[in-house]
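Those protein sequence lines, which keep their order, are chains F and V. Note that our numbering has the first sequence beginning at 1, numbered continuously upward. Note that our numbering has the second sequence beginning at 1001, numbered continuously upward. Just so it is clear, CB atoms sit at the ideal spot from N, CA and C, and this is done for glycine as well. Bear in mind that the values here come from a model prediction, so they are computed numbers and not experimental data.
Number of protein chains: 2
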Amino acid sequence: MRTAEWDGGPSVLARAAAVLDAFGADTTELGISELARRTGLAKSTAHRLAGELVRIGWLEQAGTKVRLGMHLFELGQLVPRQRALREAALPFMEDLREATNSNVHLAVLEGIEVVYVEILRVRDSQPLPSRVGGRLPAHATGVGKAILAFSPADVVKARIDAGLTRRTAYTVIMPGPLMRELATIRESGISYDRQESAMGVVCAAAPVFGADGRVLGGLSVTGRAERLDTERMAPAVRTAALTLSRQLGAPLRRASTRS
Amino acid sequence: MRTAEWDGGPSVLARAAAVLDAFGADTTELGISELARRTGLAKSTAHRLAGELVRIGWLEQAGTKVRLGMHLFELGQLVPRQRALREAALPFMEDLREATNSNVHLAVLEGIEVVYVEILRVRDSQPLPSRVGGRLPAHATGVGKAILAFSPADVVKARIDAGLTRRTAYTVIMPGPLMRELATIRESGISYDRQESAMGVVCAAAPVFGADGRVLGGLSVTGRAERLDTERMAPAVRTAALTLSRQLGAPLRRASTRS
DNA sequence: CCATGCGTACCGCTGAGTGGGACGGTGGCC
DNA sequence: GGCCACCGTCCCACTCAGCGGTACGCATGG
């Protein structure tokens, strides 16, 4: 069997993780053979693993196919990084949406990417490239840059070393300019995304800090380029992020706080 | 090692599931020894499993302790039963919250319990016994009874056979009265919870149907007994549930639709 | 009517997983 | 201050859980 793609040792758990990771936003159901193909497992192995995963509730039988099970949703809702932040942030996010009449995002950093923890959309919202539980490269998003600006140097280094992948013509892909922008964000406490993650989408973002003074995530106001004046939104986002940080017990000293 | 507690065979996956299930709403971080104790695994086994789970992102290292990882949140957000329903329901839930100025719940049936998929709270909301991703016995909640009323007979039987556990003095714990109430709900399309899940908490709920005509979940308006007039809320909840069902492609025939 | 691909089932081999045990560090109670 | 209980970590020999090649019955469709 081909195991070369897994760096370490292909343990049962790694195989099971590969099975679950075979599903995606547009891949909600898979048959056994398709599962085996995507994971590189033998068909009989995929069959047995799927059966076992169904028995523990991580997969659900859908006819002869299989899909992610509710137990995973339940577990996911218990993830503390997400839960504590979302719970504390929700009221402020709703205020922010009402005040700005724009989409509001809450995200955390996971490795070198941001994961969206909550999204409040406005009624007439155009489609956005973000999804709750979805990932985007940190350097190509407003919240990502806000978080990176207040993260330890090795985190920024990891992001740069992994390659500043281009997502649009405006994505910052050079280390130098990115570092300079992060310095500016540290001064102003505000980060902008000017069509850097998706064409036509702009946002203003600000970092959220925890009780230990370290950055926990980012808050942003997002909208279409032709409708949203990011500079006008900046004070509102920053205020919401500061208020949220204060409620989380963050030691906010001056205008801009660094870790 | 003690494996008698697991019915089938204690596969690696079952052990890993036990490790993850050791965490809960109030148990966000665990040490290795505590983990071993709660799962009944040998300490060295718990240690190795935890290490492997960390490597695949299902757990996170928190100092020497360990907690659920962001990867589980990401996976959980992909669960189709939850995602499709929540996405379609959100706008209607917001309308419902605004119209009734009360907490709005969306839940699905998982086995014999309901799992809350989304909760919209009002500003001054008193604490509720519900949590997104949390479980409650189906027979003791408004949404649960709404779903049971339109579920196949064997589902209702399973719920009754598992025991109608009492949660408050008002919980329906006798099979006969429960069956009669479900019949009433089938007629009216409305289900009530009068302090049956928690003292002081009442709700009005209605079932949500999918394109195949089967019940997908339940929608409810919830509040404190002294402030919420459930009968006055009933038409709003039922309307929202019907509108949502129609958008989901449900074949709604008459005033009340059954599967 | 055969080719193809599906889900399912069986079964012998083997190395991944197991857990007992040991070890060093640490915190608190006496 | 010194004892002790408990912690996380690591090692290692045994064994059975997991693996995948193989085969079968069944749709589908060309």
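- With respect to chain F, the C-beta atom of Val1155/V has no partner C-beta closer than 9 angstroms.
- For the region 43–72 of chain F, the beta-carbon criterion of a distance under 9 angstroms to any beta-carbon of chain V is satisfied by Leu49, Glu52, Leu53, Arg55, Ile56, Gly57, Trp58, Glu60, Ala62, Arg67, Leu68, Gly69, Met70, His71, Leu72.
- When DSSP states are grouped into helix, strand and coil, Asp1193/V belongs to the strand group.
- Shown here, Ser1151/V sits in coil according to DSSP, grouped into three states, outside any helix or strand.
- Exclusion of the five residues before and after Pro127/F leaves no residue of its chain whose Cβ lies closer than 7 angstroms to its Cβ.
- Annotated as distal: Val79/F and Leu1049/V, with beta-carbon spacing of 9 angstroms or more.
- In terms of CA proximity to Arg1038/V, Phe1023/V leads the group Phe1023/V, Asp1124/V, Glu1052/V, Ser1044/V.
- For Ser11/F, the neighbours in chain V by C-beta distance under 7 angstroms run, in chain order, Glu1052.
- In this structure, the straight-line span from the alpha carbon of Asp95/F to that of Tyr170/F is close to 30 angstroms.
- Contacts between Leu164/F and chain V, judged by CB atoms closer than 9 angstroms, are missing: the closest CB pair is about 22 angstroms apart.
- As the crow flies, the alpha-carbon of Arg1167/V is around 28 angstroms from that of Ala1089/V.
- The beta carbon of Gly200/F sits closer than 7 angstroms to the beta carbons of Arg224, Ala225 from its chain, once the five residues preceding and following it are set aside; these are given in chain order.
- When CB distances to chain F are screened at a threshold of 8 angstroms, the residues of the region 1122–1143 of chain V falling below it are Arg1123, Arg1131, Val1132, Gly1133, Gly1134, Arg1135, in chain order.
- Annotation: Cβ neighbours of Pro80/F in chain V (cutoff 7 angstroms, chain order): Thr1028, Arg1067, Leu1068.
- Contact between the region 1132–1143 of chain V and the region 1109–1123 of chain V is present: 3 or more CB-CB pairs across the two stretches fall below 8 angstroms.
- At a cut-off of 9 angstroms, the C-beta of Glu1110/V has a neighbouring C-beta in chain F.
- At a C-beta separation below 8 angstroms, Val1115/V has these neighbours in chain F: Met70, Phe73, Glu74.
- Between Val1012/V and Leu13/F, the gap from beta carbon to beta carbon is short of 9 angstroms.
- Taking every protein chain shown into account, the CB of Glu1231/V has fewer than 16 other CB atoms within 10 angstroms, so this residue is exposed.
- Not a single C-beta of chain F is nearer than 9 angstroms to the C-beta of Asp1212/V.
- For Gly1024/V, the chain F residues whose Cβ falls inside 9 angstroms of its Cβ are Leu78, in order along the chain.
- Within chain V, the residues placing a beta-carbon under 9 angstroms from that of Ala14/F are Glu1052, Arg1055, Ile1056, ordered along the chain.
- Here the alpha carbons of Arg1214/V and Ala1146/V stand approximately 13 angstroms from one another.
- Cβ contact annotation for Leu72/F (same chain, cutoff 7 angstroms, sequence separation greater than five): Trp58, in chain order.
- Assigned with DSSP and collapsed to three states, Phe1023/V falls in coil, not helix or strand.
- Annotation: Arg1167/V is outside any beta strand (DSSP E) and is labelled neither H nor E by DSSP.
- For the options Arg1253/V, Ser1245/V, Ala1250/V, the alpha carbon positioned closest to that of Pro1091/V is the one of Ser1245/V.
- Cβ-Cβ distances below 6 angstroms link Leu120/F to Met93, Arg97, Val104 in the same chain, with the five nearest sequence neighbours on each side left out; the list follows chain order.
- When the five nearest sequence neighbours on each side are left out, the beta carbons in the same chain lying within less than 8 angstroms of the beta carbon of Arg1015/V are those of Thr1039, Leu1041, Thr1045, Leu1049, in order along the chain.
- Taking a contact as a CB-CB distance under 8 angstroms, the pair Leu164/F and Val155/F does not count as one, their CB atoms being some 14 angstroms apart.
- For Ser188/F, the enclosing alpha helix (DSSP H) has its first and last residue at 175–188.
- For Leu20/F, the neighbours in chain V by C-beta distance under 7 angstroms run, in chain order, Leu1075.
- Pro235/F counts as exposed, since fewer than 16 other C-beta atoms from the protein chains shown sit within 10 angstroms of its C-beta.
- The beta carbons of Ser220/F and Ala206/F sit closer together than 9 angstroms.
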